[in-house]
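Mind the numbering: the sequence shown is residues 8 to 174 in the working numbering, read in order. Built from N, CA and C at the ideal position, the CB exists for glycine as well. It should be emphasised that the depicted structure is a prediction, and the values quoted were computed from it without experimental measurement. Below you'll find the structure, written out as structure tokens, and then a few comments.
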Amino acid sequence: MRHVLLSAALVFASALAVPGCGRTPPPPPPPAPVSSWSAKDSTAVAQELVDAYLSQPWTSQFRDRNGRAAKIVLGDIEDRSGDHVDTAALGAAIAARLAASDKIAVATQGADYRLGGVVTMTADTKDGAKIHYFRVSLRLAATADGATREDLPPVGVERAVDPTTAK
């Protein structure tokens, strides 16, 4: 009887120990990369870039030739800065600025132009302080199903950012 009780106690203790040997919890996700580029930078650059494109005569020329505003689809913006620029936020800021304009129409299909570009960065020092110079270059390229075959000249904006203010 004593042997049976001891065996039962060992089985019970083993059953309690087994869940402890189960799966280990997954490791925590890695921290988000720190960037000196902020949402404020995306908004300011989007405003400058869109205003630069819309101030050119192509918008009225397109409307005169086609009887409507040009349709633009937002393509990829590639981050080659090495500083983790949130290109999705930059693209959203550009799309919002484009959508607020009455000179063009934002489209998901049947667009005349695809807007895409690249973000690059160079580091320098100014008055002994490190500064990151971001350059955002965009290009409106004619699409195969659009009403034009003319690509437009690229536009670019350079923005100086103090990397010590990164959050």
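Range of the contiguous beta strand (DSSP E) that encloses residue i
| i | result |
| --- | --- |
| R156 | R156 -> no beta strand (DSSP E), and no H or E assigned at all. |
| K133 | 120-133 |
| A167 | 162-168 |
| A107 | From DSSP, A107 is part of no beta strand (DSSP E); its letter is neither H nor E. |
Helix, strand or coil at residue i [DSSP, three-state]
| i | result |
| --- | --- |
| T150 | coil |
| A99 | helix |
heavy atom of the ligand GDP below 7 Å from residue i C-beta
| i | result |
| --- | --- |
| G82 | Here there are no bound small molecules, and the ligand GDP is not part of this structure. |
Cutoff 7 Å; reference residue i; Cβ partners in own chain excluding five residues on either side
| i | result |
| --- | --- |
| L105 | V57, I79, I111, V113 |
| D131 | I138, Y140 |
| T66 | A77, K110, I111 |
Assigned exposure category for residue i - 16 Cβ within 10 Å defines buried
| i | result |
| --- | --- |
| D86 | buried |
| R121 | buried |
| S62 | exposed |
| A100 | buried |
| T129 | exposed |
| A46 | exposed |
| D158 | exposed |
| A118 | buried |
| T172 | exposed |
| D71 | exposed |
| D134 | exposed |
| G124 | buried |
| T31 | exposed |
| D152 | exposed |
Cut-off 8 Å between Cβ atoms - residues of its own chain near residue i, not counting five sequence neighbours on either side
| i | result |
| --- | --- |
| A51 | R166 |
| A103 | A53 |
Proximal residues to residue i (C-beta, below 6 Å), its chain only, five neighbours per side dropped
| i | result |
| --- | --- |
| G98 | L81, I84 |
| S49 | A96, L97, A100 |
Open item on the list: What ranges does the beta strand (DSSP E) occupy inside the segment 26-96, keeping only unbroken runs of at least 3 residues that lie completely in it?
Closed with: 77-86
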